[in-house]
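In UniProt numbering, the protein residues as written are 1 to 337. Note that beta-carbon positions come from the ideal geometry of N, C-alpha and C, so glycine has one too.
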């Protein structure tokens, strides 16, 4: 441990600084360093130690081991569904397969890295806040992401799954905002089969995600509420073309609800899942498990989890989503364990 003093930020700093959410601390002769992320910043008042911050990242203007940014410890409940950075909800150049999200404007999006004997793979996931607090141990994703093979008993071991929060460019190992968390338990829905429709899973993390401007939860909608038809988006690091490769930066695309037509299979539309997307773009390979979120009265809510690709449409247009509103009770009960 070291003794650290509060550092007053210069208002002329070009680095974005949000006093409401963070503060700097450190000394020229030592401060936090790699491996200290998530650790406490505490002070003694009248011989009682109080937690004031959680180690987050080293600001780019500081030498290693001298100055650390700490997330202010928020007492009580944290407001979900409100990014610290403005979201780029529209693309000016009409990219068919979406556009690059403004860094950290989708702070509930996480990257899941999975390592198995069958090979390495990845999916998306979403930070949720099922109960009141200023941190969470839970991430929502698609259950099929955690299967090694079609056998329901062959689930990836939690020790081979890692969650990256606060990440924008997955190839940038020096990204100061990212936090890598280990998984304690994988909880697939008890009715899940590889043939749908209960394609939803909860990841319980070994250590909590403390909310910062880079990583914070999305709001959960009311149980069995209606999915909005517009002002919805999906995001992920998936493939942008059928013969290309996955994106290194987080992409997003407008994802309107798709209405049932008489020529489409009825079994694709039920109380547990829905279709969304358009000819202008939608989810694709690698986006599985990621969120479909909608803005309601200025707040973002999670309505879908990327699940499957309909066989009757071309890749990158329509996508099937697990309907989060149908699983709210399961989420609430499961996260009480």
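Quick one: using the 10 Å Cβ neighbour count with 16 as the cut-off for buried, is residue 230 buried or exposed?
With fewer than 16 other Cβ atoms within 10 Å, it is exposed.
What are the boundary residues of the beta strand (DSSP E) that includes residue 136?
135-141
Status (buried if at least 16 other CB within 10 Å, exposed otherwise) for residue 166:
buried
Pairs of beta-carbons, one from the stretch 125-133 and one from the stretch 197-217, closer than 8 Å: are there three or more?
yes
Mapping the DSSP letters down to three states, classify residue 158 as helix, strand or coil.
helix
Are residue 318 and residue 303 closer than 7 Å when you measure CB to CB?
no
The alpha helix (DSSP H) with residue 333 in it runs from where to where?
328-334
Could you tell me which of 85, 320, 330 and 175 sits nearest to residue 255, measuring between CA atoms?
320
Determine, using beta carbons only, whether residue 228 and residue 145 come nearer to each other than 7 Å.
no
7 Å Cβ shell around residue 332 - same chain, five flanking residues per side excluded
130
I'd like the list of long-range same chain contacts for residue 187, defined as Cβ closer than 7 Å, with 5 residues on each side in sequence excluded.
Contacts found: 201, 202, 204 and 334.
Pick out whichever of 79, 113 and 175 has its Cα sitting closest to the Cα of residue 210.
79
Measuring straight from C-alpha to C-alpha, what distance separates residue 266 and residue 323?
Unreliable positioning characterises residue 266 in this predicted model, as indicated by a pLDDT of 49, which lies under 50. A coordinate reading is not provided.
Contained beta strand (DSSP E) runs [length at least 3] in the stretch 179-233, N- to C-terminal order:
179-188 and 201-210
Any idea if residue 137 is buried or exposed, counting beta-carbon neighbours within 10 angstroms, 16 or more meaning buried?
buried
Can you give me the Cβ contacts of residue 307 inside the same chain, cut-off strictly under 6 Å, excluding the 5 residues immediately before and after it?
142, 199, 320, 321 and 322
I need the DSSP call for residue 294, collapsed to helix, strand or coil.
strand
Best match in 108, 52, 123 and 45 for proximity to residue 237 [C-alpha to C-alpha]
123
Identify which residue in 251, 158 and 103 has its Cα closest to the Cα of residue 181.
158
Can you have a look at residue 232 and say buried or exposed, based on whether 16 or more other CB atoms are within 10 angstroms of its CB?
buried
With a CB to CB cut of under 6 Å and the five nearest residues on each side skipped, what residues in its chain are close to residue 106?
So the qualifying residues of the chain are 235.
Just checking my contact of residue 111 with residue 170 at CB under 8 Å: how many whole Å lie between their CB atoms?
6 Å
Look up residue 54 in the DSSP assignment and say whether it is helix, strand or coil.
strand
Given a threshold of 16 other Cβ atoms within 10 Å of its Cβ, counted over all protein chains shown, does residue 86 qualify as buried or as exposed?
Result: exposed.
Contact check, residue 148 vs residue 118 under 8 Å by CB: the rounded distance?
Correct: roughly 6 Å between the Cβ atoms.
Alpha carbon to alpha carbon, how far is residue 296 from residue 224?
16 Å
Between residue 274 and the rest of its own chain, which residues show a CB-CB distance below 8 Å, the 5 nearest in sequence each way excluded?
227, 257, 258, 304, 320, 321 and 323
Nearest-angstrom Cα distance between residue 109 and residue 135?
15 Å
Could you tell me whether the Cβ atoms of residue 102 and residue 82 are closer together than 7 Å?
no
Below 8 Å on the Cβ atoms is my guess for residue 114 versus residue 161; work out the distance and round it to an integer in Å.
That pair is a contact at about 5 Å.
Between which two residues does the beta strand (DSSP E) harbouring residue 323 extend?
318-323
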